[in-house]
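Visitor:
Printed below as a string of structure tokens:
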């Protein structure tokens with residue numbers, strides 16, 4: 216069939232293909248983007264929101280160097296068991312995986328403080344359902360640093376018995392950290408909630424990845440939890456958050472963030 | 004205008020019934036009650052031998068498989084035992100309880116169930132028999148379903164999905180208390196997939212409820228009837244040294260179909276599948292006949308053929324289009340017009356394959372190769388639904404390889420050979436769904452359910468351990484990490500039975516049962532107003548044309564044009580679950596192809612094609628254009644023998660090609676190409692791409708693979724070694740999109756992911772996303788999980804066709820002949836062109852492509868300079 220080549224090729228897209236596609240699109244759109252090509256900053260992308268420089272990490276977190284703070288959104292701990300309660304018995308490994316990934320980025324950035332931008336727990340009883348092992352891992356990650364639980368729609372109250380500070384939002388150094396992005400915010404909003412992802416199409420191939428959706432005024436972080444899917448940046452839920460297509464998607468590749476203009480997304 | 008090669012044999016119109024020798028047929032009169040004898044007399048008919056044979060089998064309390072060609076009175080034969088028995092049953096006295104259903108009829112299609120109900124009601128009415136007949140399908144309104152439960156009809160026409168739901172009712176036992184016969188129509192098509200697995204499990208439950216139940220299977224010709232005979236009876240009863248099998252009643256003979264291959268006067272295309280070259284000739288055929296059915300293999304072929312025909316339809320003949328992506332209402336309109344004989348032709352895909360009676364069809368045209376001999380026979384059966392008259396069919400090959408394939412299919416049909424695939428063992432995801440369903444019906448003991456399940460032929464070899472793992476999956480997900488004990492859906496109670504823990508899981512089962520899940524699709528909505536200032540208008544309205552595979556649409560950009568529902572439309576953008584399109588007046592769609600059902604070349608036809616190519620004596624039966632092509636191939640390269648695998652290498656346009664002529668079908672070839680590419684990468688050949696068709700795999704790269712083979716740095720035996728199916732396969736499978744799709748289906752069927760929850764349905768995209776995430780987690784943390792096992796078993800025969808890759812590699816061992824050429828060979832031309840069609844951008848590049856095609860062919864076929 217004539218479709219064979221096409222189908223096959225699409226299904227054969229390997230990581231290196233994806234990388235080259237995103238590379239091509241990224242290079243075409245903007246000049247030097249990856250200004251930090253050394254040390255810990257390799258593969259990251261520095262983006263300024265309201266004049267505050269943030270480092271977007273390919274593993275899906277943002278680092279705020281000026282305050283040595285690591286920002287992570289939508290951890291959705293215990294999403295698996297939350298579904299299991301309702302009869303969908305998803306593999307019970309999501310919290311462990313999410314913690315493992317979180318441990319890796321904490322080891323890389325050694326932040327003085329962590330701010331979890333809401334929906335850290337999938338439901339209000341999720342913290343109670345943590346297995347002993349996962350609970351201990353989480354406590355060890357929190358140990359020795361400040362920890363802020365911003366509340367979200369899934370976890371309207373901070374988790375009981377885990378420590379850390381619970382806040383509904385936080386203002387500091389020109390930034391506003393909250394869970395749900397507002398349509399008409401003050402400049403400097405950093406939020407999660409929407410699980411942004413974006414698609415680029417090149418040479419007949421489509422690559423879809425989770426991303427940071429950013430403008431000069433705001434940043435929406437990708438979701439970090441193992442069972443969190445993505446929502447396309449052109450979904451109506453994003454309406455009014457950006458001025459037309461004048462935003463960028465910082466798309467997550469393998470160990471590399473690609474800065475791609477909203478105009479070049481599908 | 005055209006000349007037909009083929010045969011036209013009208014001599015043998017008699018029917019013979021093969022029955023087992025100890026089956027002495029009674030006189031018809033002894034078996035048929037008086038009203039039936041009179042009815043046959045009034046009609047001026049004789050009961051046919053196979054109808055009597057079936058009555059006799061039924062009288063002995065046995066089950067039967069009836070194999071007969073279309074038009075042999077198969078349906079009536081199937082119903083006669085139940086009808087005659089019912090006619091003799093004493094009337095229900097007033098005050099007596101309603102009796103349960105006596106005869107159950109199961110069909111693969113809703114429409115067929117409705118159709119057969121009409122056909123059975125006619126004799127019932129004419130004989131004035133007190134027999135009630137009803138259908139129960141997905142379309143049956145809720146109030147009628149309720150009434151059916153209280154007052155079951157004597158005969159119930161239904162589908163496999165509905166049977167599963169009926170069996171999961173708490174009062175199933177009462178509903179089926181009087182069941183005596185189950186009739187399976189089109190059994191050959193029911194048993195080949197997961198629907199068949201689910202149905203076999205349902206049948207096993209019926210056997211448990213009614214141990215003396217008799218089954219009657221109606222089937223077209225199949226290669227191995229014994230498999231179907233076994234399917235029809237419990238496998239774990241009686242003497243284990245002999246086969247437990249239903250009686251076989253086979254009708255042989257009948258009018259042989261008149262099949263020909265269109266010997267086109269036009270130039271035969273080297274490649275492609277559109278059949279454009281033959282549009283005028285097909286149009287003339289339509290004009291010469293009353294009603295024509297034009298079968299194609301894919302939806303896009305249907306669109307193209309429909310488009311071409313209307314471009315030349317100067318007489319404005321009513322020609323319609325029918326394929327699975329079109330809106331249901333649109334399809335129903337076409338079907339209605341067809342049965343009222345208001346159409347002259349319908350272009351159709353496999354959606355019209357199965358037994359519905361379509362009025363006065365006097366010609367079947369098959370565009371493209373039929374891919375399997377049995378499928379061809381089935382489709383040809385659509386014309387002239389009377390057994391004593393030959394059906395008439397014309398095959399129209401769309402390219403040169405297809406000429407070979409059509410010829411092979413034609414020979415096969417002539418010889419009566421069949422190539423239905425062997426049945427695979429029952430899928431585990433289906434078993435998991437069934438276990439939940441059976442718990443919904445009533446609490447069960449593990450031992451009881453196990454012996455019930457292994458009575459079903461597909462699960463006859465299920466081991467206890469796997470069965471237990473399936474129960475654990477249903478209960479708590481079956482994970483090594485026992486985290487979900489407290490959320491168990493079913494639980495073993497103190498009396499040793501497994502019970503549902505909450506009634507909502509019964510609802511969950513009812514909303515998600517079944518085995519048919521569409522690939523994620525988006526609705527196509529046609530609007531008047533396209534983009535304005537880069538934005539889609541907020542208010543849309545407009546008509547839904549149908550739906551299309553999301554994987555195809557994901558590759559399009561706004562502004563791209565493609566053929567759909569018989570017109571060229573332009574993609575404007577996506578909103579929610581819809582692709583918004585507008586009408587365009589472009590002559591040529593920019594994107595030529597979208598997916599749809601594809602059948603790989605059957606193993607059987609592939610063998611025929613290989614033999615035909617290998618033997619120059621057989622070439623005379625082929626059109627000159629094709630035989631000439633093979634002759635030049637013999638001069639420029641070699642013609643492989645049937646057991647050999649030809650491998651050619653040659654340079655072209657700064658690339659180096661390696662072509663494998665393996666004829667194992669497109670799915671197996673895709674898998675093979677993926678695996679070979681990995682090997683070539685390791686060998687340093689720097690492969691950069693590949694394309695796979697039903698016949699050939701072409702791989703190209705930057706290094707001269709021919710030279711590498713010559714100097715020993717690339718070893719062909721290693722390249723095609725069977726160990727490819729070990730580690731390489733594992734590594735590739737890890738990331739394979741195909742495997743993720745397969746997993747998604749297993750997860751849906753097994754109930755790990757729900758498609759429907761009370762009040763909401765998940766979109767295809769949401770489900771794909773979540774199933775991909777789950778797949779990644781399971782692959783890393785629990786690769787031996789029961790669903791991963793189910794997925795791998797599917798992959799072996801399904802989208803990856805690993806089994807055929809294995810067959811091919813075994814065949815290739817020691818039988819590879821390599822030709823290192825300085826330029827491409829004639830046999831390589833089709834695949835070289837295949838690549839070019841991948842994406843055609845507008846008119847300019849089309850002519851560019853045509854140019855290069857001319858060059859290619861000249862280069863390959865020019866013997867003098869070679």
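Chains as they are written, first to last, in this note's numbering: chain A, 216 to 481; chain B, 4 to 869.
Idealized CB from N, CA, C, for every residue including glycine.
Note that the structure is a prediction, hence the values are computed from the model and not measured.
So, does the CB of residue 688(B) fall closer than 8 angstroms to a CB anywhere in chain A?
Guide: With 8 angstroms as the cut-off, residue 688(B) does not count as an interface residue toward chain A.
Visitor: Less than 8 angstroms between CB atoms is the rule here; does residue 390(B) satisfy it with respect to chain A?
Guide: Only weak support is given to the placement of residue 390(B): the predicted model assigns it a pLDDT of 49, under 50, and the value that follows is read from those uncertain coordinates. No, no contact with chain A.
Visitor: How about residue 273(A): is its C-beta nearer than 8 angstroms to some C-beta of chain B?
Guide: Output row for residue 273(A): interface = no.
Visitor: Pull up the distance between the alpha-carbon of residue 275(B) and that of residue 324(B), whole angstroms please.
Guide: Their Cα atoms are separated by approximately 21 angstroms.
Visitor: Taking one C-beta from the segment 644-660 of chain B and one from the segment 671-678 of chain B each time, how about it: are there three or more such pairs within less than 8 angstroms?
Guide: Judged by Cβ distances under 8 angstroms, the segment 644-660 of chain B makes no contact with the segment 671-678 of chain B, as fewer than three pairs qualify.
Visitor: Do you know offhand how far residue 330(B)'s Cα is from residue 50(B)'s?
Guide: Looking at the two C-alpha atoms, the distance is approximately 42 angstroms.
Visitor: Any beta-carbon of chain A closer than 8 angstroms to the one on residue 860(B)?
Guide: Chain A, which has no Cβ nearer than 8 angstroms to the Cβ of residue 860(B), makes this no.
Visitor: Is residue 358(A) buried or exposed, if buried means 16 or more other CB atoms sit within 10 Å of its CB?
Guide: Exposed.
Visitor: Distance, Cα to Cα, residue 229(B) vs residue 142(B)?
Guide: Computed Cα separation, rounded: 35 angstroms.
Visitor: Determine the burial state of residue 344(B): buried for a count of at least 16 other Cβ atoms within 10 Å of its Cβ, exposed for fewer.
Guide: With fewer than 16 other Cβ atoms within 10 Å, it is exposed.
Visitor: Residue 234(B) by DSSP, collapsed to three states: which one?
Guide: DSSP places residue 234(B) in helix when its eight states are reduced to three.
Visitor: For residue 174(B), which residues of its own chain have a beta-carbon under 6 angstroms away from its beta-carbon, when the five flanking residues on both sides are left out?
Guide: The answer is none, since no qualifying residue turns up.
Visitor: Hey, does residue 508(B) have any beta-carbon neighbour from chain A nearer than 8 angstroms?
Guide: Yes, residue 508(B) counts as interfacial toward chain A.
Visitor: Can at least three beta-carbon pairs, one atom from the segment 720-733 of chain B and one from the segment 451-461 of chain B, be found at a separation below 8 angstroms?
Guide: The answer is no - the segment 451-461 of chain B does not touch the segment 720-733 of chain B, with fewer than three Cβ pairs under 8 angstroms.
Visitor: My output table needs one value for residue 75(B): the three-state DSSP class, helix, strand or coil.
Guide: Three-state DSSP puts residue 75(B) in coil, outside helix and strand.
Visitor: With residue 627(B) as the anchor, note down where its alpha helix (DSSP H) starts and where it stops.
Guide: 627-639 is the span of the alpha helix (DSSP H), which, as asked, contains residue 627(B).
Visitor: Could you tell me whether the Cβ of residue 309(A) comes closer than 8 angstroms to any Cβ of chain B?
Guide: For residue 309(A), the answer is yes, since a Cβ of chain B falls inside 8 angstroms of its Cβ.
Visitor: Give a yes or no on whether the minimum CB-CB distance between residue 182(B) and chain A is below 8 angstroms.
Guide: It does not: the Cβ of residue 182(B) has no partner Cβ on chain A nearer than 8 angstroms.
Visitor: To the nearest angstrom, report how far apart residue 471(B) and residue 326(B) are at their CA atoms.
Guide: Spanning the two alpha carbons is a distance of roughly 42 angstroms.
Visitor: For residue 340(B) and residue 333(B), what's the separation of their Cα atoms in angstroms?
Guide: Straight-line Cα distance between these residues: approximately 11 angstroms.
Visitor: Starting from residue 46(B), trace the alpha helix (DSSP H) both ways and give me its first and last residue.
Guide: Segment 37-46, the alpha helix (DSSP H) holding residue 46(B).
Visitor: Contact between the segment 274-290 of chain B and the segment 304-316 of chain B: three or more CB pairs below 8 angstroms?
Guide: Short answer: they touch.
Visitor: Counting only runs that start and end within the segment 742-829 of chain B, where is the alpha helix (DSSP H) found for 4 or more residues in a row?
Guide: Taking only runs of at least 4 residues, the alpha helix (DSSP H) segments lying wholly in the segment 742-829 of chain B are 767-784, 789-800, 805-815.
Visitor: By DSSP's criteria, residue 411(A) is part of a beta bridge. Which residues make up the other side?
Guide: Residue 411(A) pairs with 446(A).
Visitor: What does a CB cutoff of less than 7 angstroms around residue 244(A) pick up in its chain, not counting 5 residues either side in sequence?
Guide: In this prediction, residue 244(A) scores a pLDDT of 42, lower than 50, which makes its location untrustworthy; the coordinate-derived value is nonetheless stated afterwards. So the qualifying residues of the chain are 475, 476, 479.
Visitor: For residue 678(B), which residues from the same chain have a beta carbon less than 6 angstroms from its beta carbon, with the 5 sequence-adjacent residues on both sides left out?
Guide: Correct list, in chain order: 727, 731.
Visitor: For chain D, is any of its Cβ atoms less than 8 angstroms away from the one on residue 327(B)?
Guide: No chain D appears in the structure shown, which is made up of the protein chains A and B.
Visitor: With a threshold of 7 angstroms on Cβ separation, who are the neighbours of residue 632(B) within its own chain once the five nearest residues in sequence on each side are excluded?
Guide: Correct list, in chain order: 403, 829.
Visitor: Using a cut-off of 7 angstroms between C-beta atoms, extract the partners of residue 407(A) located in chain B.
Guide: Per Cβ cutoff of 7 angstroms: no residues; residue 407(A) is ~17 angstroms from chain B at best.
Visitor: Ignore the nearest five residues each way along the sequence and tell me which others in residue 643(B)'s own chain have a CB closer than 8 angstroms to its CB.
Guide: Closer than 8 angstroms at Cβ, skipping near neighbours: 613, 616, 617, 649, 664, 820.
Visitor: What is the DSSP secondary structure of residue 475(B), counted as helix, strand or coil?
Guide: Helix.
Visitor: Residues of the segment 329-343 of chain B in Cβ contact with chain A at a cutoff of 7 angstroms, in chain order, please.
Guide: Answer set for the segment 329-343 of chain B: empty.
Visitor: Does DSSP classify residue 172(B) as helix, strand or coil?
Guide: Of the three classes helix, strand and coil, the one that applies to residue 172(B) here is coil, per DSSP.
Visitor: To which residues of the same chain is residue 138(B) closer than 6 angstroms at the C-beta, ignoring the five residues directly before and after it?
Guide: Same-chain partners within the cutoff: 116, 117, 120, 160.
Visitor: Which whole-angstrom value describes the C-beta separation of residue 339(A) and residue 370(A), a residue pair presumed to lie in contact below a C-beta threshold of 8 angstroms?
Guide: 6 angstroms between Cβ atoms; contact.
Visitor: Would you say residue 511(B) lies against chain A (beta-carbon separation less than 8 angstroms)?
Guide: Judged by the 8 angstroms Cβ criterion, residue 511(B) is in contact with chain A.
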